[in-house]
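Numbering (UniProt numbering), first residue to last: 1 to 99.
Below you'll find the structure, written out as structure tokens, and then a few comments.
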């Protein structure tokens with residue numbers, strides 16, 4: 001189980017990313033296609049945004065207990081939780097391989 005404070009901090013980061021996503025996309029597009037003067041302004045504006053506005057700051061965590069490592073994106077679970085739930089039959093369509 002991850003610390004509650006780490007899980008809460010990650011949720012705050014998700015909210016900040018969501019709030020700044022549109023403006024960041026605009027600035028990135030200006031940097032990609034604008035004139036050199038516009039690009040320089042856009043780079044400065046992008047640097048003034050909060051550090052947590054970048055989507056790379058958000059950590060993928062287990063939906064059940066918040067474990068940060070071994071995350072399986074398709075299921076939103078860590079490898080440990082995935083294995084436990086699969087063995088108990090709580091994940092529809094998931095069966096243990098045997099040959």
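Every residue, glycine too, gets a C-beta built ideally from N, C-alpha and C.
Item	Value
Span of the alpha helix (DSSP H) around residue 5	4-33
Buried/exposed call for residue 62, threshold 16 Cβ in 10 Å	buried
Nonlocal neighbours in the same chain, by C-beta distance under 7 Å from residue 34, ignoring five residues either side	42
Close Cβ partners of residue 50 (< 8 Å) along its chain, the five nearest in sequence each way excluded	16 and 20
Secondary structure of residue 72, DSSP reduced to three states	strand
Extent of the continuous alpha helix (DSSP H) to which residue 80 belongs	79-88
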